[in-house]
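Peer 1: This is the structure I have questions about; it appears just below.
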Amino acid sequence: MYKVFINGYGIIGSRLATAISKDSDTSLVGIAKYSADEKTEEAIRKGYKVFVPKKLITEFRKKNYDISGSIEEAVTDSDLVIDASSEGNGYKNLVRYYRPLKKKAVFQGGEDRYGKKSVADIIHNSRINYEKTLDKEFVIQGSCNVTGMGKIIQPIIEEYGDAIRRFDVNLVRRWADLEDKKEVKDSIEWDKEPHHQDDFKDIVPGINLHVDALKVPSRMMHLHQMTIRFENKPPSKDEILKLFQDEFGVAILNNAKGTGDIRKKAIELNFEHGDTSMVHIHNELIRIQEDILKISYSDDQTGMVIPENYMLIQSMLKNKSRKEAMKLTDKLFGLKRKKKTLENEFQ
Ligand SMILES: NC(=O)c1ccc[n+]([C@@H]2O[C@H](COP(=O)([O-])OP(=O)(O)OC[C@H]3O[C@@H](n4cnc5c(N)ncnc54)[C@H](OP(=O)(O)O)[C@@H]3O)[C@@H](O)[C@H]2O)c1
7 MYKVFINGYG
17 IIGSRLATAI
27 SKDSDTSLVG
37 IAKYSADEKT
47 EEAIRKGYKV
57 FVPKKLITEF
67 RKKNYDISGS
77 IEEAVTDSDL
87 VIDASSEGNG
97 YKNLVRYYRP
107 LKKKAVFQGG
117 EDRYGKKSVA
127 DIIHNSRINY
137 EKTLDKEFVI
147 QGSCNVTGMG
157 KIIQPIIEEY
167 GDAIRRFDVN
177 LVRRWADLED
187 KKEVKDSIEW
197 DKEPHHQDDF
207 KDIVPGINLH
217 VDALKVPSRM
227 MHLHQMTIRF
237 ENKPPSKDEI
247 LKLFQDEFGV
257 AILNNAKGTG
267 DIRKKAIELN
277 FEHGDTSMVH
287 IHNELIRIQE
297 DILKISYSDD
307 QTGMVIPENY
317 MLIQSMLKNK
327 SRKEAMKLTD
337 KLFGLKRKKK
347 TLENEFQ
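Okay, so the sequence shown: first residue is 7 according to this note's numbering, each after it adds one.
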């Protein structure tokens, strides 16, 4: 059985651990902790082996945490590492562990694709370039926003490609996640150079895409307002609804009042970690005006990239086709079932 280690146990790492520990086909070596805090206890309680930097083993053990060994030992024992570290640490881990120990690694969207601290030569989006990750040693999983954009943009390009002049997207981003301890500041902040535009253009070269990003005082998901300008008349609303009807990881919802409604519903429905792991097109916000189609959808920031990381295990370790990988992903995450449930709840 292939062995996977999760380096980092925060918002993303803890979700990845839940998923991989349930997969009968992959063995979870354990998770990494860097701070001797209560999350260490949580991981041990959940039955994960906890690995820490060698120099911190004594500190963790002094606090009576049952530590299984060093990060280096865990990486050595793995076939692939999912790096779920805070932004920028992925590069340090690449230099320190993954390259010298010759281990495949998946990085998260906070790492660099270009420049001195580049960690990989590809950003993955399972809707667009899964096949290109099959032979890779190192891959960056696109951020939640980039992943969500791919789920909407790619089906539209496949269906209407040449008829489209440009895509403009306003990303309205949550300030912090629900479990985050950081304070939510009462301000609307803008991003001078949103990385999402360059990241997406890296995945779909040549796309005429313009992204603006605003951070708002909320902990409840992102909302993307996408404007698609066509050469002539855009497709009808019915055609758009039909296009996304069976799209994997895309739900079409009616009458949600805001992102909080969806997050609270996911928690109420006992979805794992309160995540839907998908985007939700808001039916009543689809608008057609002259040559413009407007689509607004919410994007589950915390859950979105977890099935995507799992898809990368299927490609980089198991060489599975996209179709097979999607089937296994649906089996583990129940995305089709969740989509149906949400669509029934928001009719
Ligand atoms: N949060 C989201 O919604 C979201 C969505 C998509 C993508 N991402 C991306 O996923 C990555 C992780 O984000 P997050 O929200 O999970 O961050 P987070 O909650 O702050 O967790 C980061 C984790 O990194 C650990 N860490 C510290 N130094 C490390 C090192 N040198 N190597 C490995 N791990 C280290 C921390 O461990 P200790 O706690 O033990 O100190 C912590 O558990 C980022 O690249 C982020 O951009 C986040």
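Cβ atoms here follow ideal geometry from the backbone N, Cα and C, with glycine treated the same way.
Using C-beta distances below 8 Å, list every residue in its chain close to PRO200, excluding the 5 sequence neighbours before and after it, in chain order.
Peer 2: As a first step, residue 200 must be located in the sequence shown, where it is residue number 194. So the list reads LEU177, VAL217, ASP218, ALA219, once near-sequence residues are dropped.
Peer 1: Let's see if you can read the secondary structure: which residues bound the beta strand (DSSP E) around PHE173?
Peer 2: Within the sequence shown, residue 173 is the residue found at index 167, counting from 1. In the DSSP assignment, PHE173 falls within the beta strand (DSSP E) that extends over 170 to 180.
Peer 1: Grab me the residues of ILE273's own chain with a C-beta within less than 6 Å of its C-beta, minus the 5 sequence neighbours each way, in chain order.
Peer 2: For the purposes of this step, residue 273 is taken as residue 267 along the sequence shown, with counting starting at 1. Answer for ILE273: GLY280, listed in chain order.
Peer 1: Taking its Cβ as the centre, do 16 or more other Cβ atoms sit within 10 Å of ILE194, making it buried, or is it exposed?
Peer 2: Position 188 of the sequence shown, counting from 1, holds the residue named residue 194. Flag for ILE194 reads exposed.
Peer 1: Go through its chain and collect everything with a Cβ distance to ASN260's Cβ below 6 Å, but skip five positions before and after it.
Peer 2: Reading the sequence shown from its first residue, position 254 is the one you call residue 260. ASN289, PHE352, GLN353.
Peer 1: Only counting the same chain, and skipping five residues up and downstream in sequence, which positions put a Cβ closer than 8 Å to that of ASP183?
Peer 2: Here the question's residue 183 lines up with position 177 in the sequence shown. Correct list, in chain order: ILE17, ARG225, GLN307, THR308.
Peer 1: Which word fits TRP181, buried or exposed, when buried means at least 16 other C-beta atoms lie within 10 angstroms of its C-beta?
Peer 2: Reading the sequence shown from its first residue, position 175 is the one you call residue 181. Under this definition TRP181 is a buried residue.
Peer 1: Using the three-state DSSP reduction, which class does GLY53 fall into: helix, strand or coil?
Peer 2: Position 47 of the sequence shown, counting from 1, holds the residue named residue 53. GLY53 falls in the coil class under three-state DSSP.
Peer 1: According to DSSP, is VAL125 part of a helix, a strand, or is it coil?
Peer 2: Working through the sequence shown from its first residue, we reach residue 125 at position 119. Residue state, collapsed to three classes: coil.
Peer 1: Could you tell me the boundaries of the beta strand (DSSP E) in which ASP89 lies?
Peer 2: Along the sequence shown, read from residue 1 onward, the residue named residue 89 stands at position 83. ASP89 -> beta strand (DSSP E) spans 86 to 89.
Peer 1: Can ALA111 be considered in contact with ligand 1, in the sense that its beta carbon sits closer than 8 Å to one or more heavy atoms?
Peer 2: Residue numbering aside, residue 111 sits at position 105 when the sequence shown is read from its first letter. No, the beta carbon of ALA111 sits no closer than 8 Å to any heavy atom of ligand 1.
Peer 1: Closest by CA to ILE163, which one among GLU143, GLY212, LYS326, ASN95?
Peer 2: On the sequence shown, residue 163 is found 157 positions in, with the first residue counted as 1. Among GLU143, GLY212, LYS326, ASN95, the Cα nearest to that of ILE163 is on GLY212.
Peer 1: Going by DSSP, which residues form a beta bridge with ASN13?
Peer 2: Taking the first residue of the sequence shown as 1, we reach residue 13 at position 7. Answer by DSSP bridge pairing, in chain order: ASP89.
Peer 1: Say the cut is 8 Å; is the CB of ASN99 nearer than that to a heavy atom of ligand 1?
Peer 2: On the sequence shown, residue 99 is found 93 positions in, with the first residue counted as 1. Flag set: Cβ of ASN99 near ligand 1.
Peer 1: Let's see if you can read the secondary structure: which residues bound the alpha helix (DSSP H) around THR32?
Peer 2: Within the sequence shown, residue 32 is the residue found at index 26, counting from 1. Counting along the chain, THR32 falls outside any alpha helix (DSSP H), though it belongs to the beta strand (DSSP E) covering 32 to 38.
Peer 1: Can you grab the Cα-Cα spacing for the pair LEU22 / GLY14, in whole Å?
Peer 2: Here residue 22 corresponds to residue number 16 of the sequence shown, with the count starting at 1. Here residue 14 corresponds to residue number 8 of the sequence shown, with the count starting at 1. So the alpha carbons of these two residues sit roughly 10 Å apart.
Peer 1: Taking only runs of the alpha helix (DSSP H) that begin and end inside the segment 221 to 256, which ones reach a length of at least 4 residues, in chain order?
Peer 2: 243 to 251
Peer 1: Who pairs with TYR303 in a beta bridge, going by DSSP?
Peer 2: As a first step, residue 303 must be located in the sequence shown, where it is residue number 297. Answer by DSSP bridge pairing, in chain order: HIS230, ILE287.
Peer 1: Which residues in the same chain as VAL58 place their Cβ atom closer than 6 Å to its Cβ, once the five residues preceding and following it in sequence are excluded?
Peer 2: What you label residue 58 is simply residue 52 of the sequence shown in a count that begins at 1. LYS39, PHE66, ILE73.
Peer 1: Can you tell me which of PHE113, MET227, LYS108, LEU34 puts its alpha carbon nearest to the alpha carbon of LYS271?
Peer 2: For the purposes of this step, residue 271 is identified with residue 265 of the sequence shown, where counting begins at 1. Answer by Cα proximity: MET227.
Peer 1: Should the segment 230 to 242 be called in touch with the segment 317 to 329, which here means at least 3 C-beta pairs below 8 Å?
Peer 2: no
Peer 1: May I have the straight-line CA-CA distance separating PHE113 from SER33, to the nearest angstrom?
Peer 2: Position 107 of the sequence shown holds residue 113. Position 27 of the sequence shown holds residue 33. Each residue's alpha carbon lies about 19 Å from the other.
Peer 1: Buried or exposed: SER30, going by 16 or more other Cβ atoms within 10 Å of its Cβ?
Peer 2: Reading the sequence shown from its first residue, position 24 is the one you call residue 30. When all chains shown are included, SER30 counts as exposed.
Peer 1: What I want to know is whether the C-beta of THR308 ends up closer than 8 Å to one or more non-hydrogen atoms of ligand 1.
Peer 2: Walking along the sequence shown from the start, residue 308 turns up at place 302. Yes, Cβ of THR308 sits closer than 8 Å to a heavy atom of ligand 1.
Peer 1: Note down, in chain order, each residue of its chain lying with its Cβ closer than 8 Å to the Cβ of GLY36, except the 5 sequence neighbours on either side.
Peer 2: For the purposes of this step, residue 36 is taken as residue 30 along the sequence shown, with counting starting at 1. PHE11, ILE12, TYR54, LYS55, VAL56, PHE57, SER74, ALA80.
Peer 1: Given a cut-off of 9 Å, decide if SER76 and TYR97 are closer than it, judged by their beta-carbon atoms.
Peer 2: Here residue 97 refers to the residue found at position 91 when the sequence shown is read from its first residue. Here residue 76 refers to the residue found at position 70 when the sequence shown is read from its first residue. With respect to SER76, TYR97 sits apart: the two C-beta atoms are not nearer than 9 Å.
Peer 1: When the Cα of LEU86 is compared with those of LYS108, VAL101, SER92, ASN95, which residue comes out closest?
Peer 2: The residue given as residue 86 occupies position 80 in the sequence shown. Of the listed residues, the one whose Cα sits closest to LEU86 is LYS108.
Peer 1: Select from ILE234, ASP192, GLU47 the residue whose C-alpha is nearest the C-alpha of LYS300.
Peer 2: For the purposes of this step, residue 300 is taken as the residue at position 294 of the sequence shown. Ranking ILE234, ASP192, GLU47 by Cα distance to LYS300 puts ILE234 first.
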